[in-house]
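These notes are about the structure you will find just below.
Residue numbers (the working numbering): 193 to 465.
So, in structure tokens, the structure goes:
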């Protein structure tokens, strides 16, 4: 019972934070389970592959729950999300396959370095103007203040970027939003609210692909999902609600410091063995 409550709380935190900033939630689930496995006996022994595969399955629940919540706010760009999925879907399959080649001793280091990199991207995001990548894909969005925002981008560039994001998603089990949200803002000029909502929609689609791949590879732990999924579903609803209450800048500042702290912690864990 205590183990189930622990998993529910982890899922709740992952769903809330993931939905709040469009990262998916795996960026919480994976490092927390790695640390629990390394330093406690609360759970049965977990391999990095099992943690990542189970995280991807949880991302399906987080992505769907978040998308349904953001649909009510009409902030999901479905056409752009579907276009991004053309790249992220195949990328997630490739990433899931590459995951089996990662050495256990180095996994924490790789993931920690990745999270520090993400925090740097979020830090410079507000200092850069969106790049002008003109293309045939033009979208318009009217925000809650009634202001119309138009953005356009190259479809091939969008597919290429999302393919890389998909590989990272399948490899590390983090959902890919940690790169996709900054990319949508910096490269494609998305408003923050639309980027977050659309990222969760894309994560939902790509996580389905990743889940099927990890199921075939045997990288899914049902005992983890029993607790993680219910917590993640509720957390995703909560995160979408909080998103409407906080400023974008506040959310980003909290997130990047959290990523730095957890990233450094995992790097230390990996180097100390």
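Cβ atoms here follow ideal geometry from the backbone N, Cα and C, with glycine treated the same way.
Where do the N-terminal and C-terminal ends of the alpha helix (DSSP H) with residue i fall, by residue?
i           : result
residue 271 : 270-290
residue 405 : 384-409
residue 355 : 347-364
residue 334 : That residue, residue 334, is in no alpha helix (DSSP H); its beta strand (DSSP E) goes 329-334.
residue 378 : 369-378
residue 218 : 218-231
residue 246 : 240-263
residue 196 : 194-213
Using only alpha-carbon positions, find the residue among the options that is nearest to residue i.
i           : options               : result
residue 253 : 292, 424 and 299      : 424
residue 235 : 430, 415 and 443      : 415
residue 291 : 213, 237 and 361      : 361
residue 429 : 232, 258, 267 and 214 : 258
residue 246 : 371, 341, 406 and 443 : 406
residue 313 : 266, 375 and 261      : 375
residue 347 : 356, 380, 371 and 341 : 380
residue 382 : 340, 307, 265 and 194 : 340
residue 333 : 294, 293, 385 and 289 : 385
residue 408 : 289, 454 and 446      : 289
residue 272 : 441, 404, 454 and 387 : 387
Hey, would you say residue i sits closer than 9 Å to residue j, going by beta carbons?
i           : j           : result
residue 255 : residue 216 : yes
residue 364 : residue 344 : no
residue 401 : residue 284 : yes
residue 438 : residue 212 : yes
residue 354 : residue 299 : no
residue 202 : residue 304 : no
residue 351 : residue 371 : no
residue 443 : residue 435 : yes
residue 413 : residue 238 : yes
residue 241 : residue 194 : no
residue 265 : residue 432 : yes
Tell me the residue span of the beta strand (DSSP E) that contains residue i.
i           : result
residue 426 : Careful: residue 426 lies outside any beta strand (DSSP E), inside the alpha helix (DSSP H) at 414-435.
Just to confirm my understanding: we take residue i, look at its own chain, exclude 5 residues before and 5 after, and list those with CB closer than 7 Å. What are they?
i           : result
residue 268 : 259, 262, 389, 390 and 393
residue 395 : 216, 251, 255, 367, 368 and 369
residue 398 : 277, 280, 281, 284, 358, 361 and 368
residue 228 : 234 and 235
residue 270 : 393
residue 403 : 248, 249 and 252
What does a CB cutoff of less than 6 Å around residue i pick up in its chain, not counting 5 residues either side in sequence?
i           : result
residue 448 : 311, 314 and 315
residue 462 : 300 and 301
residue 427 : 204, 207 and 208
residue 220 : 205, 206 and 209
Measure how close the beta-carbons of residue i and residue j come, nearest whole angstrom, since I'm counting them as under 8 Å.
i           : j           : result
residue 411 : residue 244 : 7 Å
residue 369 : residue 196 : No, residue 369 and residue 196 are not in contact; Cβ-Cβ is about 27 Å, not under 8 Å.
residue 373 : residue 214 : 5 Å
Given residue i, which residues of its chain have a CB within under 8 Å of its CB, disregarding the five upstream and five downstream residues?
i           : result
residue 417 : 246, 249 and 250
residue 459 : 300, 301, 304, 305 and 308
residue 547 : Coverage of the chain is limited to positions 193 through 465, which leaves residue 547 absent and any answer about it impossible.
residue 452 : 307, 308 and 311
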